[in-house]
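Worksheet: one structure, shown below.
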Amino acid sequence: GHFASLMSMIGRGCYRAIKTGAESLTAGLLDEVRIDQAAEDARGQLQAAIATGQLPSRPDTGTSASAAGEAMAV
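First residue of the sequence shown? That's 350 in the working numbering, and the numbers climb one at a time after it.
Right, dumping it as structure tokens:
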């Protein structure tokens, strides 16, 4: 699933960071790491949704979060 793809990408990214001397995981470095096709397809769909405004790139930190906290406190 998604977790296996993430762990694979992190492992490969670490290897590449060490091999190239970058010594850090950056978005640019991780963009260069090849992952499985299903994860690449999902990534493309997610990027397209963010670009067209169908999905925000950051979570809403407005009233919904405080309302959720109030609901949990009850």
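A virtual CB, placed ideally from N, CA and C, is assigned to each residue, including glycine. Keep in mind it's a predicted model, so treat the numbers as computed, not measured.
For residue j and residue i, the rounded distance between their alpha carbons
{"i": "E389", "j": "L374", "result": "18 angstroms"}
{"i": "Q396", "j": "G411", "result": "23 angstroms"}
{"i": "G377", "j": "G402", "result": "23 angstroms"}
{"i": "R407", "j": "T369", "result": "31 angstroms"}
{"i": "G362", "j": "M356", "result": "10 angstroms"}
{"i": "Y364", "j": "L404", "result": "32 angstroms"}
Enclosing alpha helix (DSSP H) for residue i [first to last residue]
{"i": "R365", "result": "351-369"}
{"i": "L379", "result": "376-380"}
{"i": "L338", "result": "No information on residue 338 is available, as it lies outside the stretch 350 to 423 that the chain covers here."}
Assumed close pair residue i, residue j - CB separation to whole angstroms, cut-off 8 angstroms
{"i": "D380", "j": "S354", "result": "D380 to S354, Cβ: 15 angstroms. No contact."}
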